[in-house]
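Colleague:
Numbering (the working numbering), first residue to last: 127 to 1221.
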């Protein structure tokens, strides 16, 4: 009773299943375009296409699409049994009613109501061997006719009953250098070009199939294993795995024999595909329906890229490679969503899942565990062996758990560790033991470590780290440094017990998911946002989607012994040749997806290992993926290019109109000659490769294109409006390993010139044009001679008249010259007067040197529009009080009128300020206004000229730096250079615009005006280093720039502010340069005056 209870408990604790694995097998059925599910024979033609003899007719597959042929296309029967290709690229088709031959254009038949063609084989002399129920014969096909020579031998009655009722067609023909081996009625015959003899097998041996080896030996598949025949003796291949094996179909290539068969007719999955290396029992690969193969296989073909094609009663399958195999629930795993993967010391592979439990893949079975088995959590992301029978498990909710194998009970015991780390819901993503035997754990609560595997302590990454940093990956480099990848805070480096944030602040949101080291000891980092990073001498080099990655969302980085980095993302696997990258910086990436054997593209976080046999394992959302590099062969065979069609004006045409001969298969023209208006040509093509779907093409039309077109996946090229001439269209293709055709496909053609470009037309045209020119010249010369005589008469008549007019003009010229001299004298007098007026004005203006002695620094920018100016500047120092009075004045008008006004203004300012000793700006402006009104007799009458002045005037106490300002229409600008004292209140008119202060003047001029209020007297406290600017409106109103607009106040303020830190002389130079650049080719519109003072 105890034993029974023990076995019940043992069964409920874990389950064990014999496992299988899924290979990279692609299936094609009627839904994909296949004509019929029964595929009885398969061949590959010289153009690369796969042909199938099916139960519904003939089918061709060119790696892109299926093309089907039935009785409507000329076949003599739907049920086809065998296929072959002759030296002329014709496809021979054996059916239940005889022979068919397809030349690419038409199907020719040799129909027979009784002949069932079982096998076809090309003979050494290019003819075709045909095996049927009527015997064996050699056939030749020429110009639609069949020539037949039958072997004089009775092969007995061949049974055809139930051919399509799940039976294999076990007839064959094998051609060697000297012999033809014939398999009919499970018996083998040898024909040596003279006689037919039967090869003797034991009575109970039935021969089903045969193939030729490289040394011309023949291997036979029987109902009791495999035999080899060297022409003299028959030998049973001794291989325990093949005892009693029924080899229905057999093929040989690359030192491997591939067979379809079974060990017993009663097996549920009766047909297997077996790969062996003759007597080597270690190399044995069985692929059956449990590995993804369709049951009831009937035929086999190894194509030029070493793909294995299997025809069956359920369609067509192709085994594209053995390097990738998949394990899923169907193969024995507990779940498909894989998270953690680990290999223990006994070479068992542990597979953790996402909410589905734990599996252990042993040599012959898979052990599965869940919560019923005692597993604390169904989420298993990290696995690590700490002792012979003890393992740590990282979970999603239960933190760190323990798995212990109990030998006495032959089962695993699971428990959750009672440590601080496991308080609450804690996720563990990675477990590592470094070279110092310290155990490290990456968790959602930060980094933990243990020296004894029992007590775990928190390791802070920075000051204030309070168990809030989500750690996703820990990796120890070959130098013993510890790299820590976080979810939100970038990458940390633990070196010599010191932690540093390796990536700067701007990179902390990368989401570090994976870290690895290549064989040259470079560190690589995977990010969940930005791709892959190589750390190179503390420099970061990124590889992203922009330079070759399929996706920037990285989950896995895994190095291998061949110098590659495998990059797992949400879109499959990328393999980076980092040896080449480290040496040349060239990015060489090979992408793997479902076409290469991946059942699922999306990888999972940290789910990868390299096992003890150098196989790579990857965790995906649909099982665990295993990669065996021993089986991967770089595809150095380029696609076979087929030119499918050449069209004119986008339409198919009858090429016999343009060429004397057509190609044998696609019926395309040989060196066609086209008229000049048929110059719109379309080329349609396909590159046939069954290894890859990513075929690239490049082409060049010699005579038109200067260089090859960049590679693309386009399979159609259009050239329109081609000029006449000779052309050669060249086309090349490449596979996913970047292997290109050595020699391009070429198609030559010529476009004839139009008749007007022919030599005879050009010659006639030149002659006719010459005659036309000659007669045109003659007619023109005659007309000119006649016209010349008429002109001579007119000239003689007018000469007399002109002589009279000449005398009259000469008298008028004297009068004009006298007037010109008078004008020049007047102009000279005026110029002298204006120059004298300028000297008077210059003398009236104060000297700039006097101003610079009063203040720290100053400049005067004075640029009249004419010789004399309507603007003026003026200053005076009132020494008793040490007060500086300065003004910039813009008088009405410019030139001479403005200059008169400026002299009047200077005179009155001297009178008011110096003689009357008035320094109050508002009073000065009011008295000046009164003097101007009186001097000009202004009475504010309608139509009266409103002459006057606009001005800005300041009064500065040079000891206290208190400034007073009054303005008539013009403002004052201040740029502060010193510190404002506490409590200083700025006057209301003062405005602060980005460091420049403006005090506006009153809106009334120094002249009679409708408003005659008092001028506002503004007081401002200046400080040492402050700068004051007085100016007229000439600079602001100047037109210029690219759009011819005014300079305006805002731009003028910015100019002063940008250069306020420079000396005054340099400011003046910058103002002058800016003005010249702004004016350009425009004219100066007004006088310009700017006065700058630095206190």
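For glycine and all other residues, C-beta sits at the position ideal for the given N, C-alpha and C.
(1) What three-state label does DSSP hand residue 835 in the structure shown?
(2) Can the beta-carbon of residue 1014 be found closer than 9 Å to that of residue 1003?
(3) Suppose you measure from the CA of residue 609 to the CA of residue 568; what does that come to, to the nearest Å?
(4) Excluding the 5 residues preceding and the 5 following residue 1121 in the sequence, name in chain order all residues of the same chain whose CB lies nearer than 6 Å to its CB.
(5) Measuring only the C-alpha atoms, how far is residue 1080 from residue 951?
(6) Under DSSP, the beta strand (DSSP E) around residue 1142 begins and ends at which residues?
(7) Can you give the Cα-Cα distance for residue 345 and residue 375, rounded to whole angstroms?
(8) Pull up the CB-CB distance for residue 1158 and residue 997, whole angstroms please, since I reckon it's below 8 Å.
(9) In three-state terms, what does DSSP make of residue 795?
(10) Might you give, ordered along the chain, the residues of its own chain that have their beta carbon closer than 7 Å to the beta carbon of residue 318, omitting 5 neighbours on each side?
(11) If residue 830 sits next to residue 845, beta carbons under 8 Å apart, how far is it from one beta carbon to the other, in whole angstroms?
(12) Under 9 Å between the Cβ atoms of residue 991 and residue 1031?
(13) Under a Cβ-count criterion, where at least 16 other Cβ atoms within 10 Å of its own Cβ denotes burial, should residue 482 be classed as buried or exposed?
(14) Throw me the rounded Cβ distance for the residue 182 and residue 204 pair, which I believe falls under 8 Å.
(15) Of all the options 794, 776, 685, which has the alpha carbon lying nearest to the alpha carbon of residue 755?
(16) Evaluate residue 532 with the Cβ neighbour count: other Cβ atoms within 10 Å of its Cβ, from every protein chain shown; 16 or more gives buried, anything less gives exposed.
(17) Rounding to the nearest angstrom, what Cα-Cα distance links residue 1204 and residue 1181 in this structure?
(18) Would residue 562 and residue 574 qualify as a contact pair, given that the criterion is a beta-carbon distance under 9 Å?
(19) Determine the closest residue to residue 749 out of 450, 819, 640, 867, with distance taken between C-alpha atoms.
(20) Taking the CB atoms as reference points, tell me whether residue 729 and residue 802 lie closer together than 9 Å.
(21) Alpha carbon to alpha carbon, how far is residue 654 from residue 1123? Give it in angstroms, no decimals.
(22) Measure the C-alpha to C-alpha separation of residue 365 and residue 334 and round it to an integer number of angstroms.
(23) Put residue 885 into one of helix, strand or coil per three-state DSSP.
(24) Among all the DSSP beta bridges, which residues are the ones paired with residue 381?
(25) Between the C-alpha atoms of residue 378 and residue 325, what's the straight-line distance to the nearest angstrom?
(26) In whole angstroms, what separates the C-alpha of residue 703 from that of residue 175?
(27) Taking C-alpha atoms, which residue in 244, 248, 380 lies nearest to residue 757?
(28) By a C-beta neighbour count over all protein chains shown, 10 Å radius and 16 as the cutoff for buried, is residue 925 buried or exposed?
(29) Mapping the DSSP letters down to three states, classify residue 890 as helix, strand or coil.
(30) Here's the rule: buried if 16 or more other CB atoms are within 10 angstroms of the residue's CB, otherwise exposed. What is residue 817?
(31) Let me know the secondary structure DSSP gives residue 1109 once reduced to three states.
(32) Locate the alpha helix (DSSP H) running through residue 1168, then write down its first and last residues.
(33) Can you tell me where the alpha helix (DSSP H) holding residue 1024 begins and where it ends?
(34) Quick one: grab the DSSP three-state call for residue 721.
(35) Spatial neighbours of residue 794 within its chain, please: CB distance less than 7 Å, with the 5 preceding and 5 following residues excluded, ordered by chain position.
(36) Can you give me the C-alpha to C-alpha distance between residue 513 and residue 493, rounded to a whole angstrom?
Modeller: Per the coordinate set shown:
(1) On the chain shown, position 709 is the one that residue 835 refers to. Here residue 835 sits in coil by DSSP.
(2) Indexing the chain shown from 1 puts residue 1014 at position 888. Indexing the chain shown from 1 puts residue 1003 at position 877. Going by C-beta atoms, residue 1014 is not nearer than 9 Å to residue 1003.
(3) As a position in the chain shown, residue 609 is number 483, starting the count at 1. As a position in the chain shown, residue 568 is number 442, starting the count at 1. The straight-line gap from Cα to Cα measures roughly 11 Å.
(4) Counting from 1 along the chain shown, the entry for residue 1121 is found at position 995. Result list for residue 1121: 1183, in chain order.
(5) Position 954 of the chain shown, counted from the start, is the residue given in the question as residue 1080. Position 825 of the chain shown, counted from the start, is the residue given in the question as residue 951. Rounded to the nearest angstrom, the two C-alpha atoms are 45 Å apart.
(6) Against the chain shown, residue 1142 aligns to sequence position 1016. It is not in any beta strand (DSSP E) - residue 1142 carries neither H nor E in the DSSP assignment.
(7) Here residue 345 refers to the residue found at position 219 of the chain shown. Here residue 375 refers to the residue found at position 249 of the chain shown. Rounded to the nearest angstrom, the two C-alpha atoms are 11 Å apart.
(8) To locate residue 1158, count along the chain shown from 1; it is residue 1032. To locate residue 997, count along the chain shown from 1; it is residue 871. Confirmed, Cβ separation roughly 5 Å.
(9) In the chain shown, residue 795 corresponds to position 669, counting from 1. In this structure, residue 795 counts as strand in the three-state DSSP scheme.
(10) Counting from one through the chain shown, the residue named residue 318 turns up at place 192. Contacts found: 304, 305.
(11) Along the chain shown, one-based indexing puts residue 830 at 704. Along the chain shown, one-based indexing puts residue 845 at 719. Contact between residue 830 and residue 845 holds, since their C-beta atoms are separated by about 7 Å, short of 8 Å.
(12) Against the chain shown, residue 991 aligns to sequence position 865. Against the chain shown, residue 1031 aligns to sequence position 905. Result no, Cβ atoms of residue 991 and residue 1031 do not sit closer than 9 Å.
(13) Start at 1 with the first residue of the chain shown, and residue 482 comes out as number 356. Only buried fits residue 482, as 16 or more other CB atoms lie within 10 angstroms of its CB.
(14) Residue numbering aside, residue 182 sits at position 56 when the chain shown is read from its first letter. Residue numbering aside, residue 204 sits at position 78 when the chain shown is read from its first letter. About 5 Å separates the two Cβ atoms, so the contact holds.
(15) Translated into positions along the chain shown, residue 755 becomes position 629. Among 794, 776, 685, the Cα nearest to that of residue 755 belongs to 685.
(16) Counting from 1 along the chain shown, the entry for residue 532 is found at position 406. Flag for residue 532 reads exposed.
(17) Walking along the chain shown from the start, residue 1204 turns up at place 1078. Walking along the chain shown from the start, residue 1181 turns up at place 1055. C-alpha separation (whole angstroms): 12 Å.
(18) For the purposes of this step, residue 562 is taken as residue 436 along the chain shown, with counting starting at 1. For the purposes of this step, residue 574 is taken as residue 448 along the chain shown, with counting starting at 1. Contact: no.
(19) Position 623 of the chain shown, counting from 1, holds the residue named residue 749. With distances taken between Cα atoms, residue 749 lies closest to 450.
(20) For this step, residue 729 is matched to residue 603 along the chain shown. For this step, residue 802 is matched to residue 676 along the chain shown. Going by C-beta atoms, residue 729 is not nearer than 9 Å to residue 802.
(21) Here residue 1123 refers to the residue found at position 997 when the chain shown is read from its first residue. Here residue 654 refers to the residue found at position 528 when the chain shown is read from its first residue. The alpha-carbon atoms of residue 1123 and residue 654 are separated by roughly 53 Å.
(22) Against the chain shown, residue 365 aligns to sequence position 239. Against the chain shown, residue 334 aligns to sequence position 208. Distance between the alpha carbons of residue 365 and residue 334 is about 19 Å.
(23) Taking the chain shown and counting its residues from 1, the one referred to as residue 885 is at position 759. Looking at residue 885 - three-state DSSP - the assignment turns out to be helix.
(24) For the purposes of this step, residue 381 is taken as the residue at position 255 of the chain shown. According to DSSP, residue 381 bridges with nothing at all.
(25) One-based indexing of the chain shown puts residue 378 at position 252. One-based indexing of the chain shown puts residue 325 at position 199. Each residue's Cα considered, the two are about 21 Å apart.
(26) Position 577 of the chain shown holds residue 703. Position 49 of the chain shown holds residue 175. One C-alpha to the other measures close to 33 Å.
(27) Against the chain shown, residue 757 aligns to sequence position 631. Per the Cα distances, 380.
(28) For the purposes of this step, residue 925 is taken as residue 799 along the chain shown, with counting starting at 1. Counting Cβ neighbours within 10 Å, residue 925 comes out exposed, since fewer than 16 surround it.
(29) Position 764 of the chain shown, counted from the start, is the residue given in the question as residue 890. Residue 890: helix per DSSP, three-state reduction.
(30) Sequence index remark: in the chain shown, residue 817 carries index 691 (1-based). With 16 or more Cβ atoms within 10 Å of its Cβ, residue 817 is classed as buried.
(31) The residue you call residue 1109 lines up with position 983 of the chain shown. Because residue 1109 sits at a pLDDT of 33, beneath the cut-off of 50, its placement in the model cannot be relied upon, and the point is left open.
(32) For the purposes of this step, residue 1168 is taken as the residue at position 1042 of the chain shown. Per DSSP, residue 1168 lies in no alpha helix (DSSP H) segment and is marked neither H nor E.
(33) Your numbering for residue 1024 matches position 898 in the chain shown. Annotation: the continuous alpha helix (DSSP H) that includes residue 1024 extends over 1021-1035.
(34) By 1-based counting over the chain shown, the position of residue 721 is 595. Helix at residue 721.
(35) Your numbering for residue 794 matches position 668 in the chain shown. Result list for residue 794: 769, 772, 781, 788, in chain order.
(36) By 1-based counting over the chain shown, the position of residue 513 is 387. By 1-based counting over the chain shown, the position of residue 493 is 367. Looking at the two C-alpha atoms, the distance is approximately 20 Å.
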